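A.B. asks: Following this message is one structure expressed as structure tokens.
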Amino acid sequence: MSTANTKANPSPDPEPNSNDDGANGGGGGNGNSSTETDIQDVLEAVTVTHEPARLSSGLAVGCGLLAVLTSAPATILALLIGVFGLAGLAAGQFVFQSRRAAGVGTALIFVGVVVGGVLGNSEVLVTVSTLATVLAFDLSQNAFSVGAQLSSATDTTRGEIIHAAASFFVGSVAIVVAFAIYFVVGGGQPIAALAFVLLAAIILSWSVRS
Amino acid sequence: MDVDKLTTRVLFGAGGIFLLTSVALAVSPGLGAGLPFGNGTIMGIGGLGIVLGLLSARRRLRSDLTETETPNPERPARTPTPGEDVDRMLYEMTTLRQGVVENREQLEGRLEGLAISIIRNREDCTVKEAREILESGRWTDDEDAIAFFEGDLSAADQGGLSQMVSGKKEAFEPKFRAAVGALTEYADIDLDELAAEDDEGEDEDGEGGLLGGGSPVESNWNVEDSSIPSYETDEAFEDVSLQHTNRWLGVTAFGLVALGAGILTFNPGLMLAGTIGVAYTVYARINAVPGVEHLHVERELSETNPGPGEVIEVTVTVRNDGGSMLPDLRMIDVIPDAFVVTDGTPRLHTALQSGAQASFTYSVRVERGQYQWPLLTVARDFSGGLERTSLLTPDVELTCVPSLTVAHDVPVRSQTTQYAGDVSTESGGSGLEFYSVRDYRPGDPMNRVNWKQLARTGELATVDFRQERAATITILFDTRQSAYVSESPGKLHAVDRSVHAASDVFGALYDAGHLVGLAAFDTVPCWFSPGAGSEHRERARLLFAQHPALSPQPPERDNIQGSYIDPMTHVRRRLSSNSQIFLFTPLVDDYAAEVARRLDSGGHLVTVISPDTTASRTIGQQLTRIERTVRVRYLRERGIRVVDWDPDERLDLQLDRAQARWA
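These protein sequences, in sequence, are chains A and B. By the numbering used here, the letter at position 8 of the first sequence is numbered 8, and the numbering carries on one by one without gaps. By the numbering used here, the letter at position 590 of the second sequence is numbered 590, and the numbering carries on one by one without gaps.
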């Protein structure tokens, strides 16, 4: 990046006239100090590590834990699957630092959530644990992305918190809307309506993919 | 508008209609009676949902994210250690089994040349005699080493193919090592150090030797280690890429699986949960391009004209002047490769409201040159689904110029000009120090007539004083790509060391009244004629800092074999015949030594200042160190002064020591 441009632009440093007595005391003193910086050549560069961002990782594991706990009340099977998933997620974030391990862990947690729902968990708990699972997924992925693009030494708190808050807000709104519809209908369970929701979801996911 | 986009729109619209229908159905269930749906269809849709959800999750696991890879500008640049080529050749031969014949020939030739020059040096004999001694094996007790050089001779007879078939190559590396070891001993080179580090070297040689593994310092080249093709930009703002990160890929699975399972089991809780997955799918799709172009960046340097090696503090402040919020802003100050961050982090991760600002501070060790560097900005929208990468370049320039202040005296040799100066010559004339008395010649000045002798004997005689003259000195740098080497990754490379030392030498010579010029042999010609005066000095300072041939970054192109031009041509053409030479070179190949020898035989007095950048951790590095030591001896034998500069010590002390030896 150094430019070949040798435009005669004498730097503001007022040195050039000191050549007459440069060999005397003053010049010598300066020179010594500059030599010392020259020989001090071991580059004490800061170390750079790219571990997954700690805050997001911690939040992700916390969300995972919440998901596992809220999926547990109905059946011990959900708890078992969930704990495995949680272990995978935590190991992925903190031990192996592997996106894949964390992703598979989150997926397992979600399997536990669905099993819990099928086996009779309450509506509210199933919804909460699903939200917690999706948040765990999002925060875990964000932790890796922040860790890779920035570094462990960077202060990433503000960026991470804003991201987590935005994700949480979206999920909360979705829950509120869903429950509003649910209670307006008042347990009438129009299966056709839900079928349409599913159709809409599939088509929307296609549109996102293409 | 292309087809893809249209399809997306249509699908999105259809999905919206379905969603609205379902809401309508939920509000007044009576509407549903007219629809031709049975329970079977609905169950089918549920199953389909689960299958699609699983497919989506599988897709996620199989795909990679497309995120911008950022560089690590904190780290020092990576320069190779001399001898890496040898290690690579050995690795290719023994592990990869590639190019066995070529590499073997090359290594054998190289080692044989070295052995012959060592024997010639020690026994003071001709090449032919040296070859005889080498073949006879009289020079060492090591049988493997003798076998190595014998094997070479038979290889010439047998041809390479039979070697490959017979599997003899397995024995090559141990023999090679033995030969290098024996030569080290024979040539009496730094034995202790080599022996001490030898074991260590063997340990890591297996896996780490070539791959540079186990290197204590991690290094970085900004362009190579990131996904940004180039950081050179003339504009204050430049977009690099705008891409979908795919980070939400697979989130649909949460919705589809939950909904499917809910429908199959008539479970309202799971159906409600499914809406969350759908909501995030939509969230991920609503992207807004972050308005990075409205960012205002200021970079403050604690000093805009530091000297090389100084540490300055840099503060970067960003302000969002746009009307919209930037929810996810990641910034990296891409400082030039030659710089090293010593404290703090040149990175920022934040969210900026409209009008808000943020800043970060770090300390950086600067290197000579004129620099303006960009700030890499990776901005995302709220969901992180869209990523915009751009380069923001604040209008701040850093010029790092050596001060050329005098640190010490530099011994100058006796080749001089007609100008009065500092160097005592071997000729009589006017001056201060008594030199000789000679017969009077008409025209001799009256004040130099030896009046005492005239009074005593009546004969006229003239006193000559020793003449003091100035020298013309050309400081010549070896800045070919091969000179960009350091003894271990993260240390200063030979060119940096040379230029740092030379800026001191230049100041010292200039202050002593000599005419000093600069030149470098490289693919980029560099020539600055010897001269004097403060303007000359000022221009030299800028040259040290800005000339591309002296850049801290290695030249990109290698010597092109096809159209080879001797890099010394332009220097030799311009060099005045009475100029002395200070040659700065790491002496890691024969060419540099040959340059010194040819200049010497061309009538120039040459002083070689050679920073020792060889190491001895691997066999290749050991070989290079022996070769370099032999080169130093070769030059000294020819009366060329060589300062074998151990970079851990100060050059001025070593020069003093050398001067005492030469005097």
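Ideal Cβ positions, reconstructed from N, Cα and C, are used throughout, including at glycine. Since the structure is predicted, the reported quantities are computational estimates derived from the model, not experimental observations.
Could you work out which residues of chain B lie near A/A136, taking near to mean beta carbons separated by less than 7 Å?
C.D. replies: Residues of chain B passing the Cβ test: none, with the nearest at roughly 11 Å.
A.B. asks: If you draw a straight line from the alpha carbon of B/L583 to that of B/V485, how long is it in whole angstroms?
C.D. replies: Whole-angstrom Cα-Cα distance: 17 Å.
A.B. asks: Name the DSSP bridge partner or partners of B/V606?
C.D. replies: Answer is B/I581, bridged to B/V606.
A.B. asks: What residues in its chain sit with their C-beta under 6 Å from that of A/A165, if we drop five residues either side in the sequence?
C.D. replies: Same-chain partners within the cutoff: there are none.
A.B. asks: Does the segment 414-432 of chain B come into contact with the segment 380-394 of chain B, if we say contact requires no fewer than three beta-carbon pairs (one atom in each stretch) closer than 8 Å?
C.D. replies: No, because fewer than three Cβ pairs between the segment 414-432 of chain B and the segment 380-394 of chain B fall closer than 8 Å, the two stretches do not touch.
A.B. asks: Within the continuous beta strand (DSSP E) that includes A/C63, where are the two ends?
C.D. replies: No beta strand (DSSP E) holds A/C63; the alpha helix (DSSP H) holding it covers 54-71.
A.B. asks: Hey, is A/G105's beta-carbon within less than 8 Å of any beta-carbon in chain B?
C.D. replies: No, its Cβ sits nowhere closer than 8 Å to a Cβ of chain B.
A.B. asks: Just to confirm before moving on: does the CB-CB distance between B/L348 and B/A379 stay below 8 Å?
C.D. replies: No, these two residues do not count as a Cβ contact at 8 Å.
A.B. asks: Between B/G344 and B/T361, which are expected to be in contact by the criterion C-beta below 8 Å, what is the C-beta distance as a whole number of angstroms?
C.D. replies: The Cβ separation is near 6 Å, so the contact holds.
A.B. asks: List the endpoints of the continuous alpha helix (DSSP H) containing A/T127.
C.D. replies: From DSSP, the alpha helix (DSSP H) with A/T127 extends over 123-149.
A.B. asks: Give the residues from the segment 342-353 of chain B that approach chain A closer than 8 Å (Cβ to any Cβ), ordered along the chain.
C.D. replies: Those would be T342, D343, G344, T345, R347, L348, H349, T350, A351, in chain order.
A.B. asks: For the beta strand (DSSP E) containing B/H734, name the first residue and the last one.
C.D. replies: This structure cannot speak to residue 734 of chain B, because chain B is shown only from 1 to 663.
A.B. asks: Is the beta carbon of B/T607 sitting closer than 8 Å to the one on A/Q149?
C.D. replies: Against a cut-off of 8 Å, the Cβ pair of A/Q149 and B/T607 comes out as no contact.
A.B. asks: Given this structure, state the Cα-to-Cα distance separating B/A155 from B/E108, to the nearest angstrom.
C.D. replies: Model confidence at B/A155 stands at a pLDDT of 46, short of 50, so the residue's coordinates are unreliable and nothing is read from them.
A.B. asks: Of all the beta strand (DSSP E) runs that stay within the bounds of the segment 383-415 of chain B, which reach a length of 3 or more residues?
C.D. replies: Listed in chain order, they are 386-392, 398-400.
A.B. asks: Looking at the unbroken alpha helix (DSSP H) that takes in B/E84, where does it start and where does it end?
C.D. replies: Note, B/E84: alpha helix (DSSP H), 84-91.
A.B. asks: Whose C-alpha, out of B/F266, B/I335, B/Y280, is nearest the C-alpha of B/V232?
C.D. replies: Just to set this straight, residue 232 of chain B is Glu in the shown sequence, not Val. Nearest of B/F266, B/I335, B/Y280 to B/E232, Cα basis: B/I335.
A.B. asks: Measuring CB to CB, does B/L52 end up less than 8 Å from B/L295?
C.D. replies: Cβ distance not < 8 Å, so B/L52 and B/L295 don't count as in contact.
A.B. asks: Given that A/T156 touches chain B, what residues does it touch there, using C-beta distances under 7 Å?
C.D. replies: Result: H349.
A.B. asks: Does the structure place the segment 16-23 of chain B close enough to the segment 216-227 of chain B that three or more beta carbon pairs sit under 8 Å?
C.D. replies: No, the segment 216-227 of chain B is not in contact with the segment 16-23 of chain B.
A.B. asks: Just to confirm, is the Cβ distance from A/V232 to A/T70 under 8 Å?
C.D. replies: With chain A covering only 1 through 210, there is no way to say anything about residue 232 of chain A.
A.B. asks: Specify whether the segment 244-254 of chain B and the segment 130-138 of chain A touch according to this definition: at least 3 beta carbon pairs, one from each stretch, less than 8 Å apart.
C.D. replies: Yes, the segment 244-254 of chain B is in contact with the segment 130-138 of chain A.
A.B. asks: Output the distance between the C-alpha atoms of B/R368 and B/V223, rounded to the nearest integer angstrom.
C.D. replies: Cα to Cα, B/R368 sits roughly 20 Å from B/V223.
A.B. asks: Do we get a CB-CB distance below 8 Å when we pair A/E213 with the residues of chain B?
C.D. replies: Absent from the structure is residue 213 of chain A, since the part of chain A shown begins at 1 and ends at 210.
A.B. asks: Is there contact here, the segment 395-404 of chain B with the segment 296-304 of chain B, by at least three beta-carbon pairs under 8 Å?
C.D. replies: Yes: at least three Cβ pairs fall under 8 Å.
A.B. asks: For B/D522, return the contacting residues in chain A, with the cut-off set at a CB-CB distance below 9 Å.
C.D. replies: Result: empty, since nearest Cβ-Cβ is about 13 Å, beyond 9 Å.
A.B. asks: Where does B/A570 fall in DSSP's three states?
C.D. replies: In the sequence as presented, Ala is not what sits at residue 570 of chain B; that position holds His. It is helical.
A.B. asks: Would you please verify whether the beta carbon of B/N267 is less than 8 Å from any beta carbon of chain A?
C.D. replies: Taking Cβ atoms only, chain A reaches closer than 8 Å to B/N267, which makes this a yes.
A.B. asks: Kindly say whether B/F382, judged by its beta-carbon, lies nearer than 8 Å to any beta-carbon of chain A.
C.D. replies: Chain A contact via Cβ: present.
A.B. asks: Say whether the segment 530-538 of chain B touches the segment 636-656 of chain B, bearing in mind that this needs 3 or more beta-carbon pairs closer than 8 Å, one atom from each stretch.
C.D. replies: No, they do not touch.
A.B. asks: DSSP puts B/G369 in a beta bridge; with which residues?
C.D. replies: For B/G369, which the question treats as bridged, DSSP gives the partners B/C400.
A.B. asks: Which residue from B/E303, B/L242, B/G44 puts its Cα closest to that of B/P291?
C.D. replies: Going by the sequence as given, residue 291 of chain B is Gly instead of Pro. Considering only alpha carbons, the answer is B/L242.
A.B. asks: Reducing DSSP to helix, strand and coil, say where B/G255 ends up.
C.D. replies: Helix, per DSSP.
A.B. asks: Please name the residue in B/Y510, B/G431, B/Q467, B/R480 whose C-alpha comes closest to that of B/T736.
C.D. replies: Outside the shown range of chain B (1 to 663) lies residue 736 of chain B, about which nothing can therefore be said.
A.B. asks: Just to confirm the assignment, what range does the alpha helix (DSSP H) spanning B/D590 have?
C.D. replies: Unbroken alpha helix (DSSP H) run through B/D590: 590-601.
A.B. asks: Just to check my reading of the structure: A/G159 and B/T350 have Cβ atoms closer than 8 Å, yes? What is that Cβ distance to the nearest angstrom?
C.D. replies: Yes, they are in contact, since the Cβ atoms of A/G159 and B/T350 sit about 5 Å apart, within 8 Å.
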